[in-house]
Amino acid sequence: MCGRKISQVKFDEAGYQSIESKCYMYDKDKWKFVYALCTQPSDFRSVILYIYRNHKHRIKKKELLSLASDTFYGIESGFELRKKSNTLSLITSKTVLTLAFLTVEHFTMWECWLDAAFSKGAQFFGQLIKAPFKSLAYSCINREISIYVHDFGLALATGRPLYLIGHWALAEIKSVDFYADQLRLSVEQSKILKYGKEEFDYRDSYGNYASIGETEEAVYQIVCWQIPRLKEAFNAAKAGRLRALLSKVSESGHWLNGISKQPASKPHNNRQKYKVETAIDHFNNRYEATYYNEP
Numbered sequence: 020m021c022g023r024k025i026s027q028v029k030f031d032e033a034g035y036q037s038i039e040s041k042c043y044m045y046d047k048d049k050w051k052f053v054y055a056l057c058t059q060p061s062d063f064r065s066v067i068l069y070i071y072r073n074h075k076h077r078i079k080k081k082e083l084l085s086l087a088s089d090t091f092y093g094i095e096s097g098f099e100l101r102k103k104s105n106t107l108s109l110i111t112s113k114t115v116l117t118l119a120f121l122t123v124e125h126f127t128m129w130e131c132w133l134d135a136a137f138s139k140g141a142q143f144f145g146q147l148i149k150a151p152f153k154s155l156a157y158s159c160i161n162r163e164i165s166i167y168v169h170d171f172g173l174a175l176a177t178g179r180p181l182y183l184i185g186h187w188a189l190a191e192i193k194s195v196d197f198y199a200d201q202l203r204l205s206v207e208q209s210k211i212l213k214y215g216k217e218e219f220d221y222r223d224s225y226g227n228y229a230s231i232g233e234t235e236e237a238v239y240q241i242v243c244w245q246i247p248r249l250k251e252a253f254n255a256a257k258a259g260r261l262r263a264l265l266s267k268v269s270e271s272g273h274w275l276n277g278i279s280k281q282p283a284s285k286p287h288n289n290r291q292k293y294k295v296e297t298a299i300d301h302f303n304n305r306y307e308a309t310y311y312n313e314p
């Protein structure tokens with residue numbers, strides 16, 4: 020590193036607070052060495068993350084891409100990908116940006132910075148059981164997905180590295196229904212991330228088919244064992260109070276109270292029972308992976 024500081028937090032002459040460092044960016048199935056800069060003006064809504072090819076391009080302000088905080092849904096961190104650790108993914112409406120930092124110290128600095136500057140939302144795990152036929156999400160039916168709730172909106176992502184299969188501003192969601200262990204949401208047909216032509220046929224995880232003449236909504240259905248917490252987070256986001264709620268949860272850890280006491284839902288048939296219970300067993304192993312504090 021030629022004795023140069025790899026990562027630093029500083030105030031510049033204009034009064035902007037910023038963090039910058041060398042790191043790796045995952046792009047087209049491989050890691051690329053890049054230079055990252057995140058500037059935080061006094062107005063938190065204007066936080067911007069820039070990615071440059073190198074430090075020289077950073078000086079010349081020739082960025083490869085930039086992400087603003089008002090496109091942000093959530094952060095997932097601490098996973099291993101292609102022999103790299105110290106990783107985090109930023110989920111935004113433009114893309115999912117995956118970075119790996121050179122040391123644990125640099126990773127910790129960036130994670131704390133982005134958490135504060137971008138305002139980390141709520142994350143939940145689920146199993147997708149229904150999606151519009153031509154959507155990106157359709158190929159992920161019966162897979163584990165991540166649900167991100169933010170004051171900005173709601174997003175669905177899956178895979179490693181993560182990729183978006185759906186994202187909406189709260190105003191774009193036509194309806195949301197919360198059941199004992201399932202979330203059902205509907206959006207306008209034009210708001211789905213899709214493959215190919217704009218075809219809107221629907222099939223669920225059991226192969227049931229419905230034409231567009233039978234429904235005018237794009238419907239997503241997700242099994243989730245944390246429905247009461249998901250509902251609370253979603254309602255708080257609609258009211259602009261999600262950050263305050265998460266601060267309260269972080270202090271008390273009450274969202275994880277009584278998990279073992281919650282009964283499993285009564286399935287409608289044996290086939291549904293297998294799918295729901297499989298998801299429940301999986302999620303019981305994932306509670307410690309969420310960022311909420313245990314009581």
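Remember, my numbering sits 19 above the position in the sequence shown when you count from 1. Even glycine gets a Cβ: it sits at the ideal position worked out from N, Cα and C. All values reported here derive from a predicted model rather than from experimental measurement.
Item	Value
Please classify K87: does DSSP put it in a helix, a strand, or coil?	Note that residue 87 is Ala in the sequence shown here, rather than Lys. Strand at A87.
Am I right that K321 and V238 are in contact with their C-beta atoms under 8 Å? What's the rounded C-beta distance?	Lying outside 20 to 314, the shown extent of the chain, residue 321 is not represented and no answer is given.
Which residues does DSSP list as the beta-bridge partners of T111?	F91
Tell me the DSSP secondary structure of Y54 in three-state form.	strand
Should T111 and L86 be called a contact, given that it needs their Cβ atoms to be closer than 9 Å?	yes
According to DSSP, is R322 helix, strand or coil?	Because the chain is modelled from 20 through 314, residue 322 falls outside the range shown and cannot be assessed.
Would you kindly report the start and end of the unbroken beta strand (DSSP E) that includes W132?	From DSSP, W132 is part of no beta strand (DSSP E) but of the alpha helix (DSSP H) over 123–137.
Return the first residue and the last residue of the alpha helix (DSSP H) that K79 is part of.	74–79
So, F120 versus S40, is the Cβ gap smaller than 9 Å?	yes
Could you tell me the alpha carbon to alpha carbon distance between S96 and E130, rounded to whole angstroms?	8 Å
Taking Cβ to Cβ, would you say D170 is nearer than 9 Å to L261?	yes
If you follow the beta strand (DSSP E) that R179 is part of, which residue opens it and which one closes it?	Where R179 is concerned, there is no enclosing beta strand (DSSP E), given that its DSSP letter is neither H nor E.
Between the stretch 156–173 and the stretch 136–148, do three or more beta carbon pairs fall short of 8 Å?	yes
For the beta strand (DSSP E) containing C42, name the first residue and the last one.	36–46
How big is the Cα-Cα spacing for Y157 and E236?	15 Å
Name the DSSP beta bridge partners of F253, please?	The partner list for F253 (beta bridge, DSSP) is empty, contrary to what the question assumes.
Going by C-alpha to C-alpha distance, which of C57, S194, L133, L83 sits closest to K51?	L83
Have a look at K153, C42, G140, L175 and flag the residue whose alpha-carbon is nearest the alpha-carbon of R72.	C42
Name the residue from I78, I160, F98, Q59 whose alpha carbon lies nearest to the alpha carbon of R179.	F98
Measure the alpha-carbon distance for N79 versus Q59 and round it to whole angstroms.	Residue identity differs from the one stated: residue 79 is Lys in this sequence, not Asn. So the alpha carbons of these two residues sit roughly 19 Å apart.
May I have the straight-line CA-CA distance separating F253 from V168, to the nearest angstrom?	6 Å
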